[in-house]
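Numbering (the working numbering), first residue to last: 1 to 324.
Working notes, beginning with the structure itself.
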Amino acid sequence: MKPDLKQIQAPIATEMVEFEKKFRDFMKSKVKLLDHITNYIVKRKGKQMRPMFVFLTAGVCGQISESSYRGAALIELLHTATLVHDDVVDDSNYRRGFFSVNALWKNKIAVLVGDYLLSRGLLLSVDNGDFELLRIVSHAVREMSEGELLQIAKARKLDITEEVYYQIIRQKTASLIASCCEVGAATSGVSQDQVEKMRDFGEKIGMAFQIKDDLFDYGEDEIGKPLGIDIKEKKMTLPLIYALNNASWLDKKKIIFLIRNRNEDKKAVNQVIDFVKKSGGLAYATKIMTSYFEDALQILNDFPESEYKKSLEGLVRYTIERKK
């Protein structure tokens, strides 16, 4: 049965409503312009999967506490800050189909808003003595930054190996979902061993999530990002890496030339996409994604049965069966 986000959210529906109120409060400012912008950000929120991971993990491990709300808010604040800054760096005018902060208010204001969100997250933790949560989330932000920079450095040379690819997505994407699950467990009152187990669970989900995202670039489903955008940005993702590793010397040289020199040409991008599909790159990436997914479920099986566990499993399935 296809996972449904409303059904998945059912055990934590009350917590999600309460979280939204608290999150709005955490973002408030006495500066009218800032308040206006943060309201714009909140109204255009995504699926809120990060707080869902926090609350469901806390429920699976023990109890959802007041610090679970603060942990979820800390992650959202720091993550939103990185997204606002990313749009400035990428010169992107859209975020989730809406105008980005920098598109509406220009770069200087967007950078300052990102800084404000970052400081709100830090103060929220410091004021409440949540130093362990701050350590967990700060570690994730550091990892995300390093992963992004590693990908940029490697994109220049187009020499990413499969091993380096896993390192990039582990830092760039998986670290944040791992921190959501670690925060959920850490605020539920379980042992450090269980907290580490949940972190490992989250990391595997994050790996599967990013590989799924990379598969979207090859047009298997209708999605929010344009077809071939990773190729245009010279991002070496798993389907392409596999295809190049299994290509003849001549084909490899030809494809790398197209990515390096004709990445803005739609016809050339389509040639690369066809090459990856014919080389079995999509099937290989799907196999690796499924392996991470199954490993994550194996970890979850160690926890007692509950409505939270059922929903967390549903959320895991959603991450790899989603259409966008």
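We put the CB at the ideal spot given by N, CA and C, even for glycine.
Member of the options whose CA lies at the smallest distance from the CA of residue i
{"i": "Tyr-60", "options": "Lys-309, Val-272 and Thr-319", "result": "According to the sequence shown, residue 60 is Val rather than Tyr. The option with the nearest alpha carbon to Val-60 is Lys-309."}
{"i": "Lys-43", "options": "Leu-250, Ser-100 and Asp-4", "result": "Ser-100"}
{"i": "Gln-271", "options": "Met-207, Tyr-218, Leu-300 and Met-236", "result": "Tyr-218"}
{"i": "Gly-189", "options": "Leu-77, Thr-57 and Thr-173", "result": "Thr-57"}
{"i": "Lys-232", "options": "Ser-248, Lys-252, Leu-250 and Ile-273", "result": "Ile-273"}
{"i": "Asp-326", "options": "Lys-106, Ile-205 and Lys-266", "result": "Here the chain comprises residues numbered 1 to 324, so residue 326 is not present and cannot be evaluated."}
{"i": "Leu-104", "options": "Glu-15, Ser-29, Arg-135 and Ile-41", "result": "Ile-41"}
{"i": "Gly-184", "options": "Pro-51, Ile-205, Lys-287 and Ala-110", "result": "Pro-51"}
{"i": "Ser-68", "options": "Leu-158, Lys-22 and Ile-320", "result": "Lys-22"}
{"i": "Arg-170", "options": "Glu-307, Tyr-292 and Lys-28", "result": "Tyr-292"}
Assigned exposure category for residue i - 16 Cβ within 10 Å defines buried
{"i": "Gln-7", "result": "exposed"}
{"i": "Leu-215", "result": "buried"}
{"i": "His-36", "result": "exposed"}
{"i": "Val-137", "result": "buried"}
{"i": "Val-17", "result": "exposed"}
{"i": "Phe-303", "result": "buried"}
{"i": "Gly-46", "result": "exposed"}
{"i": "Asp-221", "result": "Annotation note: pLDDT 49 at Asp-221 (below 50); position unreliable, no value reported."}
{"i": "Ala-13", "result": "exposed"}
{"i": "Thr-161", "result": "exposed"}
{"i": "Glu-294", "result": "exposed"}
{"i": "Lys-154", "result": "buried"}
{"i": "Lys-253", "result": "exposed"}
{"i": "Phe-275", "result": "buried"}
{"i": "Ser-65", "result": "exposed"}
{"i": "Ala-283", "result": "exposed"}
{"i": "Lys-235", "result": "buried"}
{"i": "Glu-15", "result": "buried"}
Residue i beta carbon near the ligand FAD (any heavy atom closer than 6 Å)
{"i": "Ile-259", "result": "The model depicted lacks the ligand FAD and carries no ligand whatsoever."}
Cβ-Cβ distance between residue i and residue j below 7 Å
{"i": "Val-316", "j": "Ala-296", "result": "yes"}
{"i": "Lys-212", "j": "Met-289", "result": "yes"}
{"i": "Met-144", "j": "Ser-175", "result": "yes"}
{"i": "Val-195", "j": "Ala-208", "result": "no"}
{"i": "Glu-203", "j": "Lys-172", "result": "no"}
{"i": "Phe-129", "j": "Ala-81", "result": "The question names Phe, but residue 129 is Gly in the sequence shown. No, the Cβ-Cβ distance between Gly-129 and Ala-81 is not below 7 Å."}
{"i": "Arg-120", "j": "Phe-26", "result": "yes"}
{"i": "Asn-301", "j": "Ser-279", "result": "no"}
N-terminal and C-terminal residue of the alpha helix (DSSP H) that residue i is part of
{"i": "Asp-289", "result": "Correcting the residue identity first, residue 289 is Met in this sequence and not Asp. Its alpha helix (DSSP H) spans residues 281-300."}
{"i": "Ile-205", "result": "192-216"}
{"i": "Val-164", "result": "162-169"}
{"i": "Asn-102", "result": "101-127"}
{"i": "Gln-151", "result": "131-157"}
{"i": "Arg-262", "result": "Element bounds for Arg-262: n/a, residue is neither H nor E."}
{"i": "Ser-175", "result": "175-186"}
{"i": "Leu-74", "result": "66-89"}
{"i": "Arg-50", "result": "49-61"}
{"i": "Gly-314", "result": "307-321"}
Straight-line gap, residue i to residue j (C-alpha atoms, nearest Å)
{"i": "Ile-241", "j": "Asn-261", "result": "18 Å"}
{"i": "His-139", "j": "Val-126", "result": "16 Å"}
{"i": "Leu-133", "j": "Leu-227", "result": "38 Å"}
{"i": "Leu-83", "j": "Ile-255", "result": "31 Å"}
{"i": "Gln-298", "j": "Asp-200", "result": "11 Å"}
{"i": "Pro-11", "j": "Ser-311", "result": "7 Å"}
{"i": "Ala-24", "j": "Asn-39", "result": "Here residue 24 turns out to be Arg, not Ala, going by the sequence shown. Looking at the two C-alpha atoms, the distance is approximately 8 Å."}
{"i": "Gln-151", "j": "Leu-238", "result": "13 Å"}
{"i": "Gly-224", "j": "Ser-92", "result": "Any reading at Gly-224 needs caution, since the residue's pLDDT is 45, under 50, leaving its predicted position unreliable; the model's value is listed next. Distance between the alpha carbons of Gly-224 and Ser-92: 14 Å."}
{"i": "Leu-244", "j": "Arg-156", "result": "17 Å"}
{"i": "Leu-34", "j": "Val-54", "result": "27 Å"}
{"i": "Leu-74", "j": "Cys-181", "result": "13 Å"}
{"i": "Val-89", "j": "Lys-108", "result": "12 Å"}
{"i": "Phe-19", "j": "Leu-77", "result": "13 Å"}
{"i": "Ser-191", "j": "Gly-62", "result": "10 Å"}
{"i": "Asp-87", "j": "Asn-102", "result": "7 Å"}
{"i": "Tyr-318", "j": "Met-49", "result": "10 Å"}
{"i": "Leu-124", "j": "Arg-142", "result": "19 Å"}
{"i": "Ser-248", "j": "Gly-281", "result": "15 Å"}
{"i": "Gln-9", "j": "Ile-259", "result": "41 Å"}
{"i": "Arg-360", "j": "Glu-313", "result": "A query on residue 360 cannot be resolved here, the shown segment of the chain reaching from 1 to 324 and no further."}
Neighbour flag for residue i against chain D, beta carbons, 7 Å
{"i": "Asn-246", "result": "Of the protein chains in the structure, only one exists, and it is not chain D."}
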